[in-house]
Each structure stands twice: as C-alpha cells, then as structure tokens.
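Asks: Going left to right, the sequence shown walks through residues 8 to 693 as my numbering numbers them.
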Amino acid sequence: MWDTYTWLFVCSIFLALFVAWGIGANDVANAFATSVGAKALTMKQCILVASVCEFGGAVLLGSGVTDTIKSGIAKVSAYTYEPELLMYGMVCALLATGIWLALATFLELPVSTTHSIVGALIGMSLAASGVDSVVWYSAPKSGSPFPGGVVSIVLAWFITPAMAAIVAGLLFLFTKLVVLRAKNPFRRSLWLFPLYTFITIWVITYFVIQKGVNGWMKNKTYTSTSPVTDPSKPSCPPGSSGGKTSNKTSGDEITFSLTGCAIADGENAWISTVTAAVVTVICVACLKLIVKLVERDMAKDEAAETAKEAHKAAIAAAGAEAGGVGAKDAAGTLTPEASDEDATAAAAMPNRTPAMLQNMRKSKVWIGLAYGSNYDIHDSVKDDAKIMAMHNDAEMFDKKTEYSFKYLQVLTACANSFAHGANDVANAIGSMAGVYAIWQCACANSKASVPIWMFVLGGVGLVIGLATYGYKIIGALGVKMTKLTNSRGYCAELTAAIIVIVASRYGFPVSTTQVITGAITGVGLEEVITARLKGDKNAAARYNFKLLGKFFLGWVATLLVAGCTSAAFTAQGLFAPSRQQTDYRAALNKAFNTTNVGMAATLMAPANSTDTPTPDQQVAFDAGESILNATKLSWTANNATILDTNYYMQIFEGGTWALGNASVAGVLVPPTFMPNMPDNNPISFS
C-alpha cells in the first residue's frame with residue numbers, strides 16, 4: 008500500500024458518497040419523474056421502490072471491474088510513470104462532479120451524471136497531462152457507426168433526445184387513437200392489455216439483461232463439472248458468447264473466467280420473448296384481478312377528493328367565523344390544505360403510528376430529513392399560473408382507462424431503476440475504485456477491481472440522494488414540462504428503455520437523463536401538434552419549451568463547469584508550492600554544494616602546485632573557480648534553486664581534460680565526489 012497517499016484514498020470514500028448522493032438526487036430522480044408526475048407513485052412510494060431497485064441493482068449486478076477513467080475519455084497511459092498524479096486528479100474529479108450535481112439539482116437541471124464525471128476527468132487530465140491526454144475523437148468501433156471520445160458526447164446532446172421524442176410521440180399517438188379515444192376506452196384497454204404487457208415485459212427483460220446481467224457476467228467465474236474436450240474453444244457458460252480458453256483438457260471440475268462473456272443478442276431476444284409470453288399468459292388469466300385493482304384505485308381517488316373537499320369546506324367555515332379571514336388567521340387549529348398524498352393516505356387507513364414515533368416526527372431534525380419525502384411536487388401547478396394553464400388545457404381521458412396503464416408504468420420504472428443501479432453506480436465509485444487500485448499497487452491501470460463494500464456505499468448514496476433532494480428534478484420533469492398521466496408516463500418510460508437498448512446495441516453512449524427528457528418532450532409535442540391541427544392558437548402553451556431550452560443549456564454546461572472546476576482543483580494541487588518539495592530541494596542543494604567544493608579543490612590543486620601554472624593548469628584552475636562561484640550563488644540564494652548539474656559536469660570535464668586526465672573526465676567515482684542525498688540515496692552523475 009502507498010502509505011504516503013492514504014489520505015487521498017480516505018478522501019475519495021467521502022467524495023464518492025457525495026457523488027452518489029448527487030446521482031440519487033438528479034439521475035435516479037429523473038427515472039421516477041414520470042411515475043410521480045402521473046401520480047402512479049407517491050414520493051414515499053417512489054423512495055421505497057428506488058431503495059429496493061437501485062440498491063439491489065448496484066449490489067447484485069454491479070460490475071466487479073470498472074473503467075478507471077469513464078468511457079476511456081482520457082489516456083491512462085499518460086500516467087504510467089506518475090500514478091500519483093492520476094490518483095490526485097481523480098479525487099479532484101469526484102469533488103468537482105459532486106459540486107456540479109448538487110448545483111444542477113438546486114437549479115432543477117436534469118443533467119447526465121455520466122457526462123458530469125467525464126467532464127471532470129477531461130478537466131483533470133488537461134491540467135495534469137495536457138491536451139494530448141484527452142481522447143477528443145476516436146474511430147467508430149466494429150459494428151458501430153458512431154465515433155468515440157468527446158465528439159460522441161456532443162452528438163448525444165442532439166441525437167438521443169430527438170430519437171426518444173419521435174418514438175414516444177408515435178407510441179402515445181397510437182395509444183391515444185386506439186385506446187384512449189375509443190367509445191369504451193376501458194374495455195379497449197383490457198383487450199389490448201396483453202399486447203402492452205408483452206411489449207413491456209420483453210423490453211424490460213432485454214434491457215435488464217443487456218445493461219445489468221451482461222455487465223455482471225463479464226467479471227465473474229464459471230465452474231464446470233464436465234471435462235474439456237476442445238481447449239481451443241472459448242470457455243463460456245451455456246447461453247453466452249465470447250470469453251477465454253482453458254488450458255485443461257480433462258478434469259472433474261474446472262473454473263473459467265467469464266471476462267468478455269455476454270449473452271448474445273439473439274439469445275437475449277429469445278429469453279425476453281419467452282419471459283414476456285409467460286407473463287402475458289398470467290396477466291390474461293388475472294384480468295379480473297386487474298379490473299378489481301383499478302376499481303379499488305378509483306374508490307381511493309374518490310375518497311381522497313371527498314376528504315379534500317371536506318377540508319376546504321372546514322377552512323372556509325373557519326374563515327367565515329373569523330370575519331372572512333383565512334384559517335391561518337382564525338383559531339389556528341386547522342392545518343393548511345392537505346396534499347393529494349396525505350388525503351389518499353388519510354382516506355385509506357386510520358392513524359396507527361405509535362406515540363413515540365409521532366413525537367420523533369415532530370423534531371426539527373426529522374422534519375428536515377423527511378422534507379423531500381413529504382414534498383408535494385404538484386404544488387407547483389397551483390403556484391404557477393402558466394403551469395396550471397398547461398395542465399388545465401391538456402386533453403383528459405377516462406380515469407379508469409388511465410389507471411389501467413398505472414401498473415405497467417410502475418413496472419417499467421422499476422426495471423429502469425434496477426438497470427440504472429447496476430450500470431450507473433460506476434459513475435460514483437469508478438474513480439474511487441481507481442484511487443483504491445493505485446493506493447494498493449502504486450501503478451496506473453485502465454481497469455480497477457471493485458469490492459462489494461463500494462457497491463453498498465454507492466447504493467446507499469443513491470437512495471439517500473433521492474430521498475432528501477430528489478423532489479427537485481422529479482418536480483421539474485414530472486410536472487413542469489407538460490401534463491403527465493399514466494398513459495403518457497408509460498409511453499415515455501417504455502420509450503426510454505427502448506432507446507437505451509438500441510443505442511447500447513450499436514455502441515452509442517447515451518444518457519438516460521437526455522433520453523427521458525426527449526421522451527417526455529415527444530409526448531408533449533404530440534399534444535401541441537394535435538391541438539394545433541384542431542385550430543388551437545395557444546397550442547404551444549401545452550409544452551414548456553423554455554424549460555427544455557434551460558435543460559439543454561444545462562447539458563452543455565455540464566462538460567464546461569465540471570471540467571473547469573476539476574481542472575482548477577487539480578492545478579491548485581499540482582502547481583502549488585509544497586513544503587515537502589522545498590525541504591527536499593534545500594537538502595539536495597546542500598549536498599550539491601558539498602560536492603562542488605570537492606570538485607573545485609581537485610581542479611585547483613594542480614594549478615597551485617607550481618609557481619607558474621601551465622595553460623592547461625590555468626584552464627583547470629578557472630574551471631574550479633567557476634564551480635565555487637556557482638556554489639556561492641546557490642548558497643547565497645538560501646538554497647532556493649538547484650543549478651543545472653550538467654553545468655557543473657561541463658566545467659569539470661573541461662578542467663580534467665585540460666589536465667590530461669581523460670580517463671576520469673565526466674565521471675565522478677564514489678566516494679570521492681558522490682554526495683549523500685536525502686534519505687541516504689546517492690545520485691550518480693555518470
């Protein structure tokens with residue numbers, strides 16, 4: 008272990024937790040924005056589901072090996088002989104990423120956490136190793152039409168949101184024409200429920216295998232109890248492709264590395280098809296149960312509406328008794344208007360909370376920690392006239408039919424969350440794993456092993472971030488962009504999974520943030536176009552174009568802000584004065600001075616041996632004086648500067664050559680002129 012830099016590893020642990028918190032608040036939040044915005048899940052339910060799915064995905068399917076530098080955006084080879092620079096730079100990158108994610112979340116900017124850490128690594132590498140250390144462009148890999156490097160990130164700003172918008176808009180248009188506008192939409196939704204179920208389960212299964220299982224398989228081992236008959240063939244378990252070979256030809260038990268193994272696309276498709284078919288058959292058999300669940304939700308919704316109306320009536324009555332003032336100015340006994348979540352919970356069950364827990368919930372600490380889970384993102388509809396008008400003008404459909412999409416929407420959100428935990432937790436712990444690897448071996452590698460405790464740390468950070476600060480992004484995407492219902496949210500979430508599958512298949516790096524933003528945009532634009540075709544001159548108000556522009560600027564700012572911040576932190580550490588370095592230089596200079604005096608005496612002694620020195624002796628004498636003068640200059644400068652050793656050697660070579668002693672010219676043989684440097688490490692001048 009590199010004990011000198013243990014403090015860097017310790018710092019990386021806390022900073023990785025900070026970044027994981029930021030990812031939870033920003034990236035995990037956008038995965039659930041449509042579900043909470045469409046009221047398929049409450050904030051508390053969202054946090055509970057994310058706790059299981061994100062944490063489970065991170066710990067169960069998190070890849071055991073991660074890239075030291077995300078997306079290969081910088082060259083690890085630039086730090087082969089300076090691993091400590093990479094170590095320090097990645098700590099700075101973590102700090103810059105965490106700060107940007109916190110700031111972006113505060114500003115309600117859903118940004119790509121992958122692009123955040125990549126931008127920070129670009130800035131770090133520029134400051135530490137220069138422009139050539141960054142991969143600005145790389146040729147497309149085999150089977151992919153898209154280039155790599157920084158260029159791919161810029162392309163992702165435009166291509167992925169556009170693709171998602173088109174697919175989501177078409178999917179919602181189909182759903183609206185075939186189901187939502189039918190004469191009996193609920194009956195039509197039940198008829199098409201098996202089709203939607205099959206598509207959803209197929210996409211979810213394929214998505215989880217591609218983004219989660221394959222990443223996990225690449226870094227595990229497989230034990231076979233069958234003898235190996237052909238050692239030249241790749242060794243992968245059944246149902247996978249690629250891999251490495253075994254050097255054994257027989258045996259009862261052989262363990263293979265699965266590095267490079269993956270479930271092939273064709274096999275993945277078959278697995279997904281069979282899974283989807285089985286689940287669809289089960290759903291068909293349980294259609295009556297689905298109808299009962301929808302009716303139960305309708306009853307709960309009606310009870311919540313009744314509770315809200317009763318609450319409003321009580322406030323109005325209290326205000327009238329107080330002479331027309333509001334309930335706050337009256338007796339103060341009535342609480343402000345309850346949120347939809349509170350009303351639904353109150354209508355669903357009586358209060359059975361223990362008294363001790365009730366008292367704990369009244370503490371300021373608890374209120375602060377629970378603020379995010381209790382926040383009602385739909386309050387912005389009442390507080391902002393434009394958002395309220397956008398929601399009121401949106402086309403509304405049969406509530407019962409909308410509820411039939413609720414369960415598919417939640418299922419899709421869970422799958423997205425599970426795959427996100429497995430795949431994107433590396434954004435938080437990848438750099439920490441790199442620091443950990445360098446701390447252990449004092450070397451720079453492109454891959455770093457990730458112990459299980461790092462996945463646990465990352466999973467905990469993701470959940471805490473969503474629970475405490477995720478409401479910001481959920482509100483921005485789920486409420487302020489456009490009106491979201493269960494059918495709209497389902498189309499957006501399913502589209503996001505489809506786009507990620509297609510992009511990953513062809514090697515194009517995508518951001519789930521930009522994909523879900525594009526999908527929501529597609530649903531909103533379909534609403535705008537439909538209203539425009541009907542002659543509504545105010546159709547553009549049904550989608551928040553200004554907010555989309557703000558989001559796009561946030562995507563561009565991600566690389567710039569994270570990169571500049573990381574570069575500043577890295578440069579501050581690399582180029583600031585170091586007490587350790589100055590002390591070493593002082594000791595080094597003192598050792599040089601001692602050596603120089605000996606060198607000068609050697610050159611000047613022959614010249615002083617005779618009354619009239621020969622020309623060659625005079626040259627040697629002058630060389631000795633030059634060394635002494637240089638030594639005095641260095642000493643006078645309070646050991647602040649180490650003069651070029653080549654200068655001393657040039658003088659000494661000239662002096663010894665003038666004396667005719669060519670055999671020792673330019674060579675200092677210990678111990679005569681070999682200074683003892685700090686830490687007793689002699690320095691050779693040969």
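Don't be surprised by glycine CBs; every beta carbon is placed ideally from N, CA and C.
From what residue to what residue does the alpha helix (DSSP H) around residue 270 run?
Replies: Where residue 270 is concerned, there is no enclosing alpha helix (DSSP H), given that its DSSP letter is neither H nor E.
Asks: What residue does the alpha helix (DSSP H) around residue 397 start on, and which one ends it?
Replies: 392-400
Asks: How should residue 302 be labelled, buried or exposed, when 16 other C-beta atoms within 10 angstroms of its C-beta is the threshold for buried?
Replies: exposed
Asks: Quick check on the DSSP output: the alpha helix (DSSP H) that includes residue 132 runs from which residue to which?
Replies: 120-136
Asks: Can you look up residue 454 in the DSSP assignment and give me helix, strand or coil?
Replies: Here residue 454 sits in strand by DSSP.
Asks: Do residue 175 and residue 529 have their C-beta atoms within less than 8 Å of each other?
Replies: Yes; because the gap between Cβ atoms is below 8 Å, this pair is in contact.
Asks: Considering only the alpha carbon of each residue, which of 300, 116, 101 lies closest to residue 129?
Replies: Residue 101 is the option with its Cα nearest to residue 129.
Asks: Would residue 382 pass as a contact of residue 170 if the rule is Cβ separation under 8 Å?
Replies: In this structure, residue 170 does not lie closer than 8 Å to residue 382 by Cβ.
Asks: For the structure I just gave you, are there three or more beta carbon pairs, one from the segment 26-45 and one from the segment 103-119, closer than 8 Å?
Replies: yes
Asks: With respect to the alpha helix (DSSP H) encompassing residue 406, which residues constitute its N-terminal and C-terminal limits?
Replies: 406-411 is the span of the alpha helix (DSSP H), which, as asked, contains residue 406.
Asks: Among 486, 391, 581, which one has its Cα closest to the Cα of residue 42?
Replies: 486
Asks: Beta-carbon separation of residue 280 and residue 198 under 8 Å?
Replies: no
Asks: Which of the three DSSP states, helix, strand or coil, is assigned to residue 248?
Replies: Bear in mind that a pLDDT of 48 at residue 248, under 50, signals an unreliable position, so the number given afterwards is only what the model happens to contain. In the three-state reduction of the DSSP assignment, residue 248 falls in the strand class, which pools E and B.
Asks: State the Cα-Cα distance for the pair residue 5 and residue 429, rounded to the nearest angstrom.
Replies: Nothing in the structure corresponds to residue 5, since the chain is present only between 8 and 693.
Asks: In whole angstroms, what separates the C-alpha of residue 491 from that of residue 181?
Replies: So the two alpha carbons sit approximately 16 Å from each other.
Asks: Can you tell me the Cα-Cα spacing of residue 22 and residue 98, whole angstroms?
Replies: Going by the C-alpha atoms only, they are around 8 Å apart.
Asks: Comparing alpha-carbon positions, which option in 308, 325, 211 lies nearest residue 282?
Replies: 211
Asks: With C-beta atoms as the reference, is residue 488 less than 8 Å away from residue 527?
Replies: yes
Asks: Give the range of the alpha helix (DSSP H) segment to which residue 181 is assigned.
Replies: 157-182
Asks: Go through its chain and collect everything with a Cβ distance to residue 320's Cβ below 7 Å, but skip five positions before and after it.
Replies: none
Asks: Report the rounded CA-to-CA distance for residue 156 versus residue 510, giving the unit in angstroms.
Replies: 16 Å
Asks: What separation, rounded to the nearest whole angstrom, lies between the Cα atoms of residue 295 and residue 404?
Replies: 22 Å
Asks: Using 10 angstroms around the beta-carbon of residue 191, count the other beta-carbons present and answer buried if the total reaches 16, otherwise exposed.
Replies: exposed
Asks: Using alpha carbons as the reference points, say which of 570, 520, 583, 324 lies closest to residue 35.
Replies: 520
Asks: Give the straight-line distance between the Cα atoms of residue 62 and residue 448, rounded to the nearest whole angstrom.
Replies: 30 Å
Asks: Let me know the secondary structure DSSP gives residue 140 once reduced to three states.
Replies: If DSSP states are grouped into helix, strand and coil, residue 140 belongs with the helices.
Asks: Note down, in chain order, each residue of its chain lying with its Cβ closer than 7 Å to the Cβ of residue 16, except the 5 sequence neighbours on either side.
Replies: 442, 443, 446
Asks: DSSP three-state call for residue 585: helix, strand or coil?
Replies: coil
Asks: Could you give the C-beta distance for residue 463 and residue 66, rounded to a whole number, given that I count them as a contact under 8 Å?
Replies: 6 Å
Asks: Name the residue from 505, 394, 590, 284 whose alpha carbon lies nearest to the alpha carbon of residue 420.
Replies: 505
Asks: Could you say if the segment 121-141 and the segment 559-577 meet the contact criterion of at least three C-beta pairs nearer than 8 Å?
Replies: yes
Asks: When DSSP builds the beta bridges, which residues end up paired with residue 145?
Replies: Paired residue(s): 155.
Asks: Could you spell out the range, first to last residue, of the alpha helix (DSSP H) harbouring residue 199?
Replies: 192-215
Asks: Output the distance between the C-alpha atoms of residue 273 and residue 215, rounded to the nearest integer angstrom.
Replies: Computed Cα separation, rounded: 15 Å.
Asks: Use the C-beta contact count for residue 188: other C-beta atoms within 10 angstroms, 16 or more gives buried, fewer gives exposed.
Replies: The residue is exposed, with fewer than 16 neighbouring Cβ atoms inside 10 Å.
Asks: Would you be able to state if there are at least three C-beta pairs under 8 Å between the segment 470-480 and the segment 156-168?
Replies: no
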